[in-house]
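Numbers 232 to 630, taken from the numbering used here, label the letters of the sequence shown in order. The next block holds one structure in the form of structure tokens; read it before the comments.
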Amino acid sequence: MPYYRCVGEVPAKRHTQLRDVEGRLLREELMGEEGFSSDSSLLYHRGVPSAIVASEVWVLPDQTRAPNHPLKPRHLRLHDLETGPDAVTDRRLVLGNADVRIGYVVTGGTDAGPSPYYRNAIGDECVFVEAGSGSVETVFGVLDYRAGDYVVIPRATTHRWVPAEPSRLYAIEANSHVGPPRRYLSQHGQLLEHAPYCERDLHGPHSLAELVERQTGEVDVEVLVKHRIGTGVVGTAMTYATHPFDVVGWDGCLYPYTFNLDDYMPITGKVHQPPPVHQVFEGRNFVVCNFLPRKVDYHELAIPVPYYHSNVDSDEVMFYVAGDYEARKGSGIGLGSISLHPGGYAHGPQPDAIEASLGAESFDESAVMVDTFAPLELGEGGLAVEDPAYAWTWAGRRA
């Protein structure tokens, strides 16, 4: 995170005593990245944050992946994917590689209840809320979410999802940290004037005291932990002697937050702008971009839709979430679709879309793109909803 926050009660100096009203010493926990050499926060617990009383295997949903072989572009219809109602345990793997995994789930509403307590010990999660609303309760406090939000949750943050209504969640799970593009940050971490968003657009946790009081006295609380063994993703269910949400205060620059598409200011130009101008986040070996409603190119001979391009170094994943995506007309793609255009393959607009776009002054489209710098493989969820005709549509064929 690029700026400091302080929530609840903390002592005047770091690593000094803080006691509650009854004189009991609170336990300090440092959550820090990159071995004490990057962003961190200090949390003050009523209980002992390392006190576990049980550790058992948590069997994850199917994590197997199939190579994109023979190589071809893919179309996956996520709205056809059936999932269970839980935001954590019912995610289905759509695409993945050694750096990032993309999953999808449609949660229940208040009748389904909250998810289990959970933390990802592999990397940060960046969950895009396609539809729905609710909250995410965390050790740092409560995050409210709504449609169009990215919910960014740092690695090893214990949390649970509490949907207020059925929610469509597009989960980008990194094997690294996720944050703003470095080119938009000053040497001290402030978002710069040419960045398409600023700190005012990032919304951190609230209601810490209320969350802590609700958990007072709870013991033997199970937390599902996702972690790695070798190159594989596995799960463990850890049971804690006291409730993880016993933090009475914290401060620092590492915490979960939300950012909404409405607060992103698209960068436009006289001719078509390349995808990096749409970037919103980056992780190790992948980036996240969003393509939003905007005025388009104003050169008198401009072609507003993208030119054909070869992703020499990356696979491109586009998730279509709203509007009418001009470049894909006639391909079968609609809302809730994913297109996967792999490295080594030239792709671009459907042929008829080029002429149709001439003279356009604006596009009404919203899509979230993930570009990876290693090949993506298909998860069982992606294979279950593939449109097998998509690869041949540029040639005018649907079969």
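Ideal Cβ positions, reconstructed from N, Cα and C, are used throughout, including at glycine.
query, result
"The region 325-341 / the region 581-591 touching (three or more Cβ pairs under 8 Å)", "no"
"Proximity of HIS437 and GLY372 at Cβ, strictly below 8 Å", "yes"
"beta-carbon GLU396 near the ligand GDP non-hydrogen atom, thresh 7 Å", "Judged by which ligands are present, the structure shown has none, so any question about the ligand GDP falls away."
"Assigned secondary structure, ALA352 (DSSP; H/G/I helix, E/B strand, else coil)", "coil"
"Local Cβ density within 10 Å of GLY327, reported as buried at 16 or more and exposed below that", "buried"
"Among GLU596, VAL548 and HIS578, the one whose alpha carbon lies nearest that of LEU566", "GLU596"
"Alpha carbon of TYR379 to alpha carbon of ASP493, nearest angstrom", "It is worth fixing the name first, because residue 379 is Gly in this sequence and not Tyr. So the two alpha carbons sit approximately 7 Å from each other."
"Assigned exposure category for VAL288 - 16 Cβ within 10 Å defines buried", "exposed"
"CA-to-CA distance, GLY480 to VAL443, given in whole angstroms", "10 Å"
"Contact belief for VAL601 with VAL548 at Cβ below 8 Å, rounded distance in angstroms", "4 Å"
"Rounded separation between VAL241 and TYR488 - CA only", "20 Å"
"Length of the line joining the Cα atoms of ALA405 and GLU356", "6 Å"
"Residues of its chain near ALA362, where Cβ-Cβ distance is below 7 Å and the 5 sequence neighbours each way are ignored", "ALA378, SER398 and ARG399"
"Cβ-Cβ separation, TRP392 to PRO427 (assumed contact under 8 Å), whole Å", "Actually they are not in contact, since the Cβ atoms of PRO427 and TRP392 sit about 28 Å apart, beyond 8 Å."
"Option nearest PRO385 by Cα separation, candidates GLU264, GLN510 and ASP528", "GLU264"
"Length at least 3, wholly inside the region 562-620: the beta strand (DSSP E) runs in chain order", "568-572, 596-603 and 608-610"
"Residue closest to GLU531, alpha-carbon to alpha-carbon, out of PHE517, LEU609, HIS503 and HIS276", "HIS503"
"ARG250 burial status per 10 Å Cβ neighbour count (16 or more: buried)", "exposed"
"Start and end residues, beta strand (DSSP E) containing GLN510", "510-514"
"Straight-line gap, ILE283 to VAL382 (C-alpha atoms, nearest Å)", "28 Å"
"Where PRO292 sits in the DSSP three-state scheme", "coil"
"Nearest to HIS300 (by Cα), restricted to the options LEU607, ASP618, ALA615 and ALA620", "LEU607"
"Beta-carbon proximity check, VAL527 vs THR499, cutoff 8 Å", "yes"
"Own chain partners of LEU571 with C-beta closer than 6 Å, once the 5 adjacent residues on each side are dropped", "ARG305 and VAL548"
"Proximity winner among TYR576, GLY579 and ILE564, relative to PRO619 (alpha-carbon distances)", "ILE564"
"DSSP-derived helix/strand/coil call for ASP546", "strand"
"Beta-carbon contacts of GLN510 that lie in its chain and below 6 Å, excluding the five residues immediately before and after", "PRO412, VAL518 and CYS520"
"As assigned by DSSP and simplified to three states, the class of VAL464", "strand"
"Opening and closing residue of the alpha helix (DSSP H) in which VAL443 lies", "439-446"
"Where the beta strand (DSSP E) containing GLU368 begins and where it ends", "365-369"
"Top-ranked residue by Cα proximity to HIS246, from LEU455, HIS310 and LEU256", "LEU256"
"Three-state secondary structure (DSSP) of THR320", "coil"
"Residue environment, MET496, which counts as buried when at least 16 other CB atoms sit within 10 Å", "exposed"
"C-alpha distance - GLU586 paired with LYS501, whole-angstrom precision", "18 Å"
"For GLU430, three-class secondary structure by DSSP", "helix"
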